[in-house]
Amino acid sequence: MIASRLAKLLKITAAAGMAQLMLMASAHAQSALRDAEIEQFLSDYSLPLFEAAGLPAEQIEIHIIGSPDLNAAAGNLHMFVFTGLITEADVPNQIEGVIAHEAGHIAGGHSQRTQEAIQSATRPMMMSLVLGTVAILAGAPDAGMGLIGLGQQVGTSNFLRYSRGQESSADQAGLAYLEATGTSGKGLIDFFRKLRNQQLISSYYDRAQYYSTHPMANDRMSILERKVKESPYYEVEDTEEEIQRLRMIQAKINGFMLDPQATMRKYPLSDQSRPARYARAVAYYRDAQLDKALTEIDRLLEEEPENPFFFELKGQMLFEHGRISESIEPHRKSTELAPQYALLKINLARALVATENRELNGQAIDILKLALNMEKDNYFGWTELARAYSNQGDDTMASLATAEAYFHVGAPHLAHRFATRALDKLPEQTVEWRQASDIVNATRDDALRYQRNNPDSNRPGRFSISGDTSLPAYRR
C-alpha cells in the first residue's frame, strides 16, 4: 500500500511542478531516510561507543528510520535508529544509552536477521529531509524497481528479536562501553523507564515495539539500575549546548514528520526559540508558504551564518518551489562550509543539472564524481550523474551511470541492461570499461533469471526511460 501511495504522490507533485516527495510512514511500514545533519549527530555519539566495543567503527552504517516508534535495532554492521527514539528523548544521554546497548548486540553477534532482510532494509530512500524527491521512478513503468525504490518498506522491528539472555549480555556490554567513554548510564535507565510508562498508559501497541524485540524483565531492570548507579560517571550530565543541539534535531524531524499544522501547534509563534523557528521554517515550506519559510530560515542564518544545514534547507526550499537558479547559491554555500558531506554536494549538483545550462551541467558532473567517490552506493547521485551526462549528449556515460544507479537500488537486471549498453561503446581496458564489465559480470545471473521469468521483457515499449539513456527523471 505504501508503494502505491508514494508513487501516486510523486506523480502528483511532479505534475504540479514540484519535485517534492514528503515522507510518509506508518506504524507497520517505515522508510529509511537520509539527512547529513542528523547522521552527523548520531555519528558523534556512536563512534566513541563503537570504538570502546572494539568494533570497526567506520564500517558500521547507521540508518535513520522515519517512524514515530520508540525503537532501535542492530545487526551485523548495521544499526537502525527510529526518528521516534530521537524526538522522544529528553536528553542526548538517553540516545547514547540505547546506542551503547545496540552496540552490545552487534559485538555479541546477536543478529538473527536474514541476509535478504538486511539487503532490503539498507537501501535508503532519498526523502524530503535531504533531497525532497526520489527522481528514479517518475514515469517508470517497471513495477519491480518501483517496489524497491519508492515502496521501500523497512519493518525493522520485525527483523531482530532477542532472547532475555542476549538482552542481559547487551546491557552489561553497553554499560561497559558507556563507562569506557566516561558517560553516564542513567540515560539508558531513563529511556527504559519512559518506555515502560508509555506501555502502561497507551493502548497504541507500537509504542511498545522496542519491548517486543527487546524483552525487559523486572529483575533485569533492577540489576541494570544498580550497576548504573555504581558507575563513577553516574552524575555526569549533558551540557546545555548538547541539549540544544538535540532540540534542533528534534525540531527538524518534527517539521518534516508531522503535518504542518501539527508542527505549528507544537511550535507556536509565541515560541521564538531557535528550535521552534527551525521547525516552523520546515512546516511553512512544506505547506507551500515559501515567503514565511524564507523569513524564518533567514533569521536563523543571521544568527548562525556558518551553519551549512540552514543553507541546505534554504536551497531545498527554493529548488522545490521552482526557483532553481536562486537555489544554487545557498546549496553552494552549504558545500563550502561542510565539504565532507556527499549529500550536500548532490543537492548542489541536482540544482546545477536542473538549470540545463551546459557550463553548470559540466560543474555538476565534477561535483557528482566527488560525491560518489565519497558514497559509491548513493543511487540518487548516480541518477543525477546519468541526467547530467544525458544533458551533455554523452549517452554512453549516461548508460554507465544509470547502470550504477539500478545496481545500488537493487534492480540487477536493469543494471545489467544499461551496463551492457555502455560496454558496447566504451574503449576497452579503460577505467569506465572495467566499471561496466564489473556490473555486467556481477548481474549476469540475475539478468538471465529475470529474462527466463519474464520472456517478453525485451519487447518494444516494455521499458521507457528519459532520453533512452538515463533513469526516468522528475518533471518540473
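Mapping of the sequence shown onto mature numbering (1 follows the signal peptide of the UniProt record, and there is no 0): residues -29 to -1, 1 to 447, in sequence order. Glycine is no exception: its CB is placed at the ideal position from the N, C-alpha and C atoms.
Output needed for residue i: all residues of its chain with C-beta closer than 8 Å, excluding positions within five of it in sequence on either side, in chain order.
| i | result |
| --- | --- |
| Thr93 | Caution is warranted here: a pLDDT of 49 is assigned to Thr93, below 50, making its placement in the model unreliable, and no coordinate value can be reported. |
| Ser17 | Ala28, Ile31, Ile33, Met50, Ile70, Ala74 |
| residue 472 | Absent from the structure is residue 472, since the part of the chain shown begins at -29 and ends at 447. |
| Phe282 | Leu272, Pro301, His302, Lys304, Ser305, Leu308 |
| Val199 | Leu146, Ser155, Gly156, Lys157, Leu159, Ile160, Tyr205 |
| Leu240 | Arg251 |
| Ala114 | Model confidence at Ala114 stands at a pLDDT of 31, short of 50, so the residue's coordinates are unreliable; what they give is reported in the following sentence. Closer than 8 Å at Cβ, skipping near neighbours: no residue. |
| Thr414 | Phe378, Pro383, His384, Ala386, His387, Ala390 |
If you compare alpha carbons, which of the options is closest to residue i?
| i | options | result |
| --- | --- | --- |
| Glu73 | Ser38, Ile9, Leu159 | Leu159 |
| Gly156 | Gln137, Gly136, Met192 | Met192 |
| Ala386 | Val402, Asp417, Gln400 | Asp417 |
| Ala141 | Leu20, Lys200, Tyr205 | Leu20 |
| Ile9 | Phe227, Ile317, Arg245, Leu166 | Phe227 |
| Glu403 | Thr373, Phe163, Ala60 | Thr373 |
| Asp230 | Lys200, Glu291, Asp258 | Asp258 |
| Phe163 | Asp61, Asp6, Met288, Phe282 | Asp61 |
| Ile214 | Pro246, Arg329, Lys200, Ser202 | Pro246 |
| Glu201 | Leu146, Ala393, Gln243, Asn349 | Leu146 |
| Gly333 | Tyr350, Asp365, Asp15, Gln311 | Asp365 |
| Thr326 | Ser241, Glu297, Ala264, Arg392 | Glu297 |
| Ser361 | Glu399, Leu289, Arg329 | Arg329 |
| Lys223 | Pro239, Ala254, Pro310 | Ala254 |
| Asp348 | Leu397, Gln363, Glu375, Glu150 | Glu375 |
| Ile66 | Lys165, Gln143, Ser139 | Lys165 |
| Leu149 | Glu208, Val411, Leu397 | Glu208 |
| Arg392 | Ile194, Ser408, Thr401 | Ser408 |
| Ile194 | Gln143, Pro426, Asp242, Gly37 | Gln143 |
| Thr401 | Gly68, Met368, Thr414 | Met368 |
| residue 456 | Asn425, Tyr256, Ala413, Phe290 | Because the chain here runs from -29 to 447, residue 456 falls outside it and cannot be looked at. |
Per DSSP, which residues does residue i bridge with? Please list them.
| i | result |
| --- | --- |
| Ile36 | Ala3, Phe53 |
| Ala43 | Val52 |
Starting from the C-beta of residue i, find all residues in its chain whose C-beta is less than 7 Å away, skip the five residues before and the five after it, and write them out in chain order.
| i | result |
| --- | --- |
| Leu26 | Ala74, Ile77, Ala78 |
| Asn225 | Thr58, Thr234, Lys237, Ala250 |
| residue 466 | Residue 466 lies beyond the range of the chain shown here (-29 to 447); nothing can be said about it. |
| Arg248 | Glu267, Arg270, Leu271 |
| Leu261 | Met288, His292 |
| Lys396 | Thr367 |
| Ile295 | Ala322, Ala325, Thr326 |
Within its chain, find whatever has a CB closer than 6 Å to the CB of residue i; leave out the 5 residues flanking it on each side and keep chain order.
| i | result |
| --- | --- |
| Met116 | At Met116 the pLDDT is 34, less than 50, meaning the model places this residue with poor confidence; the figure from the coordinates comes in the next sentence. Answer for Met116: Ala382, listed in chain order. |
| Ala313 | Ala342, Met345, Glu346 |
| Leu217 | Pro63 |
| Ser317 | It is Ile, not Ser, that sits at residue 317 in the sequence shown. Closer than 6 Å at Cβ, skipping near neighbours: Ala342, Gly352. |
| Ala45 | Glu73, His76, Ile77 |
| Ala252 | Ala264, Glu267, Ile268 |
| Val101 | Below a pLDDT of 50, predicted positions are generally treated as unreliable, and Val101, at 33, falls in that range; the measurement from the model is reported next regardless. Contacts found: Arg5, Asp6, Leu314. |
| residue 448 | Residue 448 falls outside the range modelled here, since the chain spans only -29 to 447, and no answer is possible. |
| Ile299 | Ala322 |
| Phe389 | Ser370, Thr373, Ala374 |
| Ser244 | none |
| Glu196 | Ile160 |
| Ala43 | Val52, Leu56, Val69, Glu73 |
| Tyr350 | Ala376, His379, Val380 |
| Pro310 | none |
If we define contact as Cβ-Cβ less than 7 Å, is residue i a contact residue for chain D?
| i | result |
| --- | --- |
| Lys223 | No chain D appears in the structure shown, which is made up of a single protein chain. |
If contacts are defined as beta-carbon pairs under 8 Å, then residue i and residue j qualify, I think. What distance do you get, rounded to the angstrom?
| i | j | result |
| --- | --- | --- |
| Ile220 | Phe378 | The pair is not a contact, with the Cβ atoms about 32 Å apart (cut-off 8 Å). |
| Ala23 | Thr152 | 5 Å |
| Leu315 | Pro276 | About 16 Å separates the two Cβ atoms, so there is no contact after all. |
| Val380 | Leu394 | Actually they do not touch by this definition, with Cβ atoms about 20 Å apart. |
Ordered list of alpha helix (DSSP H) runs contained in the segment 314 to 370, each at least 4 residues: 329 to 345, 350 to 362
Go through the segment 232 to 283 residue by residue and report every complete run of the alpha helix (DSSP H) that reaches 4 residues or more, in order. 245 to 257, 261 to 274
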